[in-house]
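Chemist:
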Amino acid sequence: MSSISPTENLLSGLSDRQREAVTHTDGPLLIVAGPGSGKTRVMAHRVAYLVGEKGIPPWKILAVTFTNKAARELRERCERLVGGGSNELQVRTFHGFCSRVLRSDGEHVGLKPEFTIYDADDQARVARRILDQFDIDPKQFPPRALLSVISDAKNNMRSPAQLSRRTETYRDEVAARVYEAYEGALQRANAVDFDDLLLKTFQLLEGYPEMLEKYQGRFEHLLVDEFQDTNALQFQVARLLALKSQNICVVGDPDQSIYSWRHAEPSNLTDFQSTFKNTKIVTLDQSYRSTQIILEAADSVIGNNDGRMEKNLWTENSRGTRITVAEAYNEEEEARLVLEAAKELKNKDGITRNEVAIMYRVNAQSRAFEVACNREGIPYRLVGGVKFYDRKEVKDILSFLRLISNPADDAALERIINVPARGLSARTVTELREVAVSNKVPVLDVILDVMRVNMGDEEPRAYHVDLATRALKSVTAFGDLITRFIEQSLALDTNELIDLIVERSGYGAMLREDKERGEERMENLQELKASAEQFAGSEERGQLTEFLENVALVSDVDGLQGGDDSEVEEEAITLITLHQAKGLEYDAVFLVGLEEGMLPHSRSVDDPTQLEEERRLLYVGMTRARKRLYMFRAFQRRFRGQSGSQMASRFLLEIPDTLVTNRDIRGHDRVADRMPDPMWTKRSASTPAPRPATRSAGDAFDAGDKVRHKAFGEGVVVSSSGTGADTQVTVAFSGQGVKRLMLSYAPLEKIVEEESAQQFDPDEEQIEVQDPDLFAP
Numbered sequence: 001m002s003s004i005s006p007t008e009n010l011l012s013g014l015s016d017r018q019r020e021a022v023t024h025t026d027g028p029l030l031i032v033a034g035p036g037s038g039k040t041r042v043m044a045h046r047v048a049y050l051v052g053e054k055g056i057p058p059w060k061i062l063a064v065t066f067t068n069k070a071a072r073e074l075r076e077r078c079e080r081l082v083g084g085g086s087n088e089l090q091v092r093t094f095h096g097f098c099s100r101v102l103r104s105d106g107e108h109v110g111l112k113p114e115f116t117i118y119d120a121d122d123q124a125r126v127a128r129r130i131l132d133q134f135d136i137d138p139k140q141f142p143p144r145a146l147l148s149v150i151s152d153a154k155n156n157m158r159s160p161a162q163l164s165r166r167t168e169t170y171r172d173e174v175a176a177r178v179y180e181a182y183e184g185a186l187q188r189a190n191a192v193d194f195d196d197l198l199l200k201t202f203q204l205l206e207g208y209p210e211m212l213e214k215y216q217g218r219f220e221h222l223l224v225d226e227f228q229d230t231n232a233l234q235f236q237v238a239r240l241l242a243l244k245s246q247n248i249c250v251v252g253d254p255d256q257s258i259y260s261w262r263h264a265e266p267s268n269l270t271d272f273q274s275t276f277k278n279t280k281i282v283t284l285d286q287s288y289r290s291t292q293i294i295l296e297a298a299d300s301v302i303g304n305n306d307g308r309m310e311k312n313l314w315t316e317n318s319r320g321t322r323i324t325v326a327e328a329y330n331e332e333e334e335a336r337l338v339l340e341a342a343k344e345l346k347n348k349d350g351i352t353r354n355e356v357a358i359m360y361r362v363n364a365q366s367r368a369f370e371v372a373c374n375r376e377g378i379p380y381r382l383v384g385g386v387k388f389y390d391r392k393e394v395k396d397i398l399s400f401l402r403l404i405s406n407p408a409d410d411a412a413l414e415r416i417i418n419v420p421a422r423g424l425s426a427r428t429v430t431e432l433r434e435v436a437v438s439n440k441v442p443v444l445d446v447i448l449d450v451m452r453v454n455m456g457d458e459e460p461r462a463y464h465v466d467l468a469t470r471a472l473k474s475v476t477a478f479g480d481l482i483t484r485f486i487e488q489s490l491a492l493d494t495n496e497l498i499d500l501i502v503e504r505s506g507y508g509a510m511l512r513e514d515k516e517r518g519e520e521r522m523e524n525l526q527e528l529k530a531s532a533e534q535f536a537g538s539e540e541r542g543q544l545t546e547f548l549e550n551v552a553l554v555s556d557v558d559g560l561q562g563g564d565d566s567e568v569e570e571e572a573i574t575l576i577t578l579h580q581a582k583g584l585e586y587d588a589v590f591l592v593g594l595e596e597g598m599l600p601h602s603r604s605v606d607d608p609t610q611l612e613e614e615r616r617l618l619y620v621g622m623t624r625a626r627k628r629l630y631m632f633r634a635f636q637r638r639f640r641g642q643s644g645s646q647m648a649s650r651f652l653l654e655i656p657d658t659l660v661t662n663r664d665i666r667g668h669d670r671v672a673d674r675m676p677d678p679m680w681t682k683r684s685a686s687t688p689a690p691r692p693a694t695r696s697a698g699d700a701f702d703a704g705d706k707v708r709h710k711a712f713g714e715g716v717v718v719s720s721s722g723t724g725a726d727t728q729v730t731v732a733f734s735g736q737g738v739k740r741l742m743l744s745y746a747p748l749e750k751i752v753e754e755e756s757a758q759q760f761d762p763d764e765e766q767i768e769v770q771d772p773d774l775f776a777p
């Protein structure tokens, strides 16, 4: 009876091509691995083969990848296969490996072992300090834009002196000066940024032969995962490490290169053969993940890109179900139809929520799905981000709106009192808070008192605040800003008010400075405006209150279980961007927003290179699906402040009709017949307007109350103090500014809304629907 050798046992279950990739251990190897082809399994078995069959000590093998998650998964698989000595395996991210090298030998390139790694905020603070030192206007030269130039220079291995020699404009000159000062600041602080981890490791290996020899001797075999996502520096570090042994194995797929904005060079994979002569190429084109129909559809899309390394995906899985291509009227209906289809998958096919993912191009698209999940009581998890209404920029603008709606909201005030930065230090805010607490009034009352006196009011201060002259000016400016917003809230719709806040507060300018995430964050604010439009039709202040109440309910933690993986105990649908979906897989995938300008993104449609990357991004999304793939577009979508009919994505036309079903399940000719959702129905034209109710001078007025004055018209109470006839009320009047009134001399009428007999009755048929099933909730 013959026994199975360890090698045969290790290779059992591998396909012929996978075995070929595992057992080729001498010389350079390029593995072109299609989606779902088992590349992580191949890498783990290759490490085990090197250790078990070739006798290579584990510490002589270096495997690098791009995310901590991928490195952890690869390490765990290797440990299971290698057994003893697995703790000596070097499986790291590129940045993690470079950090270890520099901790050990970074003194050659000016680093002490305890160096600090600066994140984006640290970098921005350093850049702002340098601009201040040079007396350069940060509005004209935004810090993050300059940091982007510096990052480009480092990734192209250009020093400050080299960048300086390439200057053609004054802007180039400023960038070069800031770059030099920035490097000096990092050196004095014994700090590096993430680009430095790669650059200084390259400088160490290239500039110090003894260091290169040390690390070439240490690592006899190098494995690099996701090689299509390497940048120029990562390629050079890998090249130097493998220059002597030539034992380098790189794994990747040019069709899944989607990170050019991170300096990734997909040509690194295609140019590998010219860098390492006698490279063996193994193509893994058998998918163990998707059905044949999904693979054929993905191939038909990606085949429109030029200059590819050809591979034809195939599988032994079933042929599967046709892809569903569907059209919704707008993003709200898109979300509802997707959730209905997900429910049907569970009921008919047994595909649970945990195996369903909704994928989109930009983060802002999650908003409609979060709202729909909450309304339907469907748990969800948001991968790689925070819930829409918890995103910083959204919470900031909502805090402005909350303060405008309720001037006594101290929590909202303290969140945005110095956002964007307006010269109000933590000490100033603390002083204002302490005075407000001791006098038992809202903080805004104290601020308005400071503003009143500082603007020349002859009446004495109500509250004593000890502030420096500069702080007094900043407090006055903030108080004036908020009171003007309150005044405008009487005349503007909520989405118009959001526009006003974003621009007048300086928030928009701050986001435009952020070259890395500013556009994405601004898109989130445009999505916030779109959600506010649902409440149009009410009078302005009531509209604002209604909107804020809805947001508070949507973002309540009890109504949104599943926003964080750590909190999810029940099954939950995954919401995720296409960029974050790399490396994941699900039984059912819903790709949404398949429209021109969304996917492909509007930034890419006129650039052939970027358009090909958009196509690769869709290819990545399509190949995440194991069994079912849905592709949705909306006939109408509001995005970046604009709404209107949308053209279907050109990528949809690249999928053969034989692979698609339900391509035209929704037509826009039925739009006019839509039944309004009772949840969003507004006051009808016949609903009486609010009427004033006369109040005596002794009645209480609260911050946020809407009032009427015979001379000044309608306004909103900002603050109120005193009792009875001695009550003093500060009111922001539409078109009249902020007034301080004594009720004994200037009686006010509080406007209250009367219940209308013609409010919407959800049980009463409002609109005739030709097809009741079409728009059923």
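Sequential numbering from 1 applies to the sequence shown in UniProt numbering.
We put the beta carbon where it would ideally sit given N, CA and C, even for glycine.
1. Does A364 get closer than 8 Å to chain B when you measure Cβ to Cβ?
2. Measure the CB-CB distance between N330 and A634 and report whether it falls below 8 Å.
3. When you compare only the Cα positions, how much space is there between G34 and P254?
4. What I want to know is whether the C-beta of C249 ends up closer than 7 Å to one or more non-hydrogen atoms of the ligand SAM.
5. With distances taken Cα to Cα, identify the nearest neighbour of L741 among G735, S734, V717 and I447.
6. Spatial neighbours of C98 within its chain, please: CB distance less than 8 Å, with the 5 preceding and 5 following residues excluded, ordered by chain position.
7. According to DSSP, is S649 part of a helix, a strand, or is it coil?
8. Could you tell me which uninterrupted beta strand (DSSP E) segments, each at least 3 residues in length, are contained entirely in the segment 228-307, listed from first to last along the chain?
9. Could you check how far apart the C-beta atoms of L10 and H45 are, in whole angstroms? I think they sit under 8 Å.
10. K346 by DSSP, collapsed to three states: which one?
11. Report the rounded CA-to-CA distance for V465 versus A471, giving the unit in angstroms.
12. Suppose contacts are defined by Cβ-Cβ distances below 8 Å. Is T324 in contact with S290 by that definition?
13. In the structure shown, what three-state DSSP assignment does Y586 receive?
14. I need the DSSP call for S425, collapsed to helix, strand or coil.
15. Within a Cβ cutoff of 7 Å, which residues of the same chain sit near residue 786, ignoring the five residues on either side of it in sequence?
16. Quick one: Cα of R381 to Cα of V551, how far?
17. So what does W314 bridge to, in DSSP terms?
18. Could you tell me the alpha carbon to alpha carbon distance between S696 and P747, rounded to whole angstroms?
19. Go ahead and pull the three-state DSSP assignment for E567.
20. By how many angstroms is the C-alpha of V453 removed from the C-alpha of L599?
21. Let me check understanding here. Comparing Cα to Cα, which of S604, Y182, I573 and A176 lies closest to N374?
22. Go to S604, then tell me how far its alpha helix (DSSP H) extends in each direction, as first and last residue.
23. Helix, strand or coil for Y507 per DSSP?
24. Roughly how many angstroms separate the alpha carbons of K54 and R41, rounded to a whole number?
25. Determine the contact status of N231 and N155, defining contact as a CB-CB distance below 8 Å.
26. Mind pulling the alpha helix (DSSP H) runs of 4 or more residues that sit fully within the segment 147-171?
27. Indicate the three-state DSSP secondary structure (helix, strand or coil) for G713 in the structure shown.
28. Quick check on K39: does DSSP put it in helix, strand or coil?
29. When the Cα of E596 is compared with those of L584, L611 and Y586, which residue comes out closest?
30. Does the segment 300-309 come into contact with the segment 645-654, if we say contact requires no fewer than three beta-carbon pairs (one atom in each stretch) closer than 8 Å?
31. Taking the alpha-carbon of D152 as reference, which of E265, S104, E333 and A372 has the nearest alpha-carbon?
32. Count the other CB atoms within 10 Å of the CB of E570; is the residue buried (16 or more) or exposed (fewer)?
33. Using a Cβ-Cβ cutoff of less than 8 Å, which residues in the same chain neighbour Q292 once the five nearest sequence positions on both sides are dropped?
34. Cα-Cα, which of T65, V738, I397 and D225 is closest to V32?
35. With DSSP collapsed to three states, give me the class of T609.
36. Could you tell me the boundaries of the alpha helix (DSSP H) in which E520 lies?
Modeler: So, from the listed chains and residues:
1. Looking for chain B here will not work: only one protein chain is present.
2. Against the sequence shown, residue 330 aligns to sequence position 330. Against the sequence shown, residue 634 aligns to sequence position 634. Yes, the pair counts as a contact, with Cβ atoms nearer than the cut-off.
3. Residue 34 sits at position 34 when you count from the first residue of the sequence shown. Residue 254 sits at position 254 when you count from the first residue of the sequence shown. Roughly 9 Å between the two C-alpha positions.
4. Only the bare structure without any ligand can be found here, which leaves the ligand SAM out of the picture.
5. Translated into positions along the sequence shown, residue 741 becomes position 741. It is V717.
6. In the sequence shown, the residue the question calls residue 98 occupies position 98. Taken in chain order, the residues that qualify are L197, L198, K200, T201 and V237.
7. As a working mapping, residue 649 is identified with position 649 in the sequence shown. Reduced to three states, the DSSP call for S649 is coil.
8. 248-252 and 280-284
9. Locating residue 10 in the sequence shown gives position 10, where the first residue counts as 1. Locating residue 45 in the sequence shown gives position 45, where the first residue counts as 1. Right, their Cβ atoms sit about 6 Å apart.
10. Against the sequence shown, residue 346 aligns to sequence position 346. Residue state, collapsed to three classes: helix.
11. If you number the sequence shown from 1, residue 465 lands on position 465. If you number the sequence shown from 1, residue 471 lands on position 471. C-alpha separation (whole angstroms): 11 Å.
12. Taking the first residue of the sequence shown as 1, we reach residue 324 at position 324. Taking the first residue of the sequence shown as 1, we reach residue 290 at position 290. Not closer than 8 Å, so no.
13. Along the sequence shown, one-based indexing puts residue 586 at 586. Y586 falls in the strand class under three-state DSSP.
14. As a working mapping, residue 425 is identified with position 425 in the sequence shown. Coil at S425, not helix or strand.
15. Look at the range of the chain in this structure, 1 to 777, and you will see that residue 786 is not part of it.
16. The residue you call residue 381 lines up with position 381 of the sequence shown. The residue you call residue 551 lines up with position 551 of the sequence shown. Each residue's Cα considered, the two are about 19 Å apart.
17. Counting from 1 along the sequence shown, the entry for residue 314 is found at position 314. For W314, which the question treats as bridged, DSSP gives the partners Q286.
18. Here residue 696 refers to the residue found at position 696 of the sequence shown. Here residue 747 refers to the residue found at position 747 of the sequence shown. In this prediction, S696 has a pLDDT of 44, which is less than 50 and means its spatial position is unreliable; what the coordinates show is noted afterwards. In a straight line, the C-alpha of S696 is about 8 Å away from that of P747.
19. Position 567 of the sequence shown, counted from the first residue, corresponds to residue 567. Interpretation of E567 is limited by its pLDDT of 42, a score under 50 that renders its predicted location unreliable; the figure taken from the coordinates is listed afterwards. Three-state DSSP puts E567 in a helix.
20. Along the sequence shown, one-based indexing puts residue 599 at 599. Along the sequence shown, one-based indexing puts residue 453 at 453. Computed Cα separation, rounded: 54 Å.
21. The residue labelled residue 374 in the question sits at position 374 within the sequence shown. Nearest option by C-alpha distance: I573.
22. As a first step, residue 604 is located in the sequence shown; it is residue number 604 there, counting from the start. First-last for S604: undefined, no H or E at that position.
23. Counted from its first residue, the sequence shown places residue 507 at position 507. Residue state, collapsed to three classes: helix.
24. By one-based count along the sequence shown, residue 54 stands at place 54. By one-based count along the sequence shown, residue 41 stands at place 41. If you take the alpha carbons of K54 and R41, they lie about 18 Å apart.
25. Working through the sequence shown from its first residue, we reach residue 231 at position 231. Working through the sequence shown from its first residue, we reach residue 155 at position 155. Yes, Cβ-Cβ distance for N231 and N155 is below 8 Å.
26. 160-165
27. To locate residue 713, count along the sequence shown from 1; it is residue 713. Correct three-state label for G713: strand.
28. Stepping through the sequence shown from its first residue, residue 39 is reached at position 39. K39 falls in the helix class under three-state DSSP.
29. What you label residue 596 is simply residue 596 of the sequence shown in a count that begins at 1. Selected option, being the one with the closest Cα: L611.
30. yes
31. By 1-based counting over the sequence shown, the position of residue 152 is 152. Of the listed residues, the one whose Cα sits closest to D152 is E265.
32. Numbered from 1 along the sequence shown, position 570 holds the residue referred to as residue 570. Exposed, by the Cβ-count rule.
33. Counting from one through the sequence shown, the residue named residue 292 turns up at place 292. For Q292, where only same-chain residues beyond five positions count, the Cβ hits under 8 Å are W314, T315, N317, S318, R319 and G320.
34. Translated into positions along the sequence shown, residue 32 becomes position 32. Among T65, V738, I397 and D225, the Cα nearest to that of V32 is on D225.
35. Here residue 609 refers to the residue found at position 609 of the sequence shown. T609 falls in the helix class under three-state DSSP.
36. Residue mapping note: residue 520 aligns to position 520 of the sequence shown, counting from 1. Residues G518 to E533.
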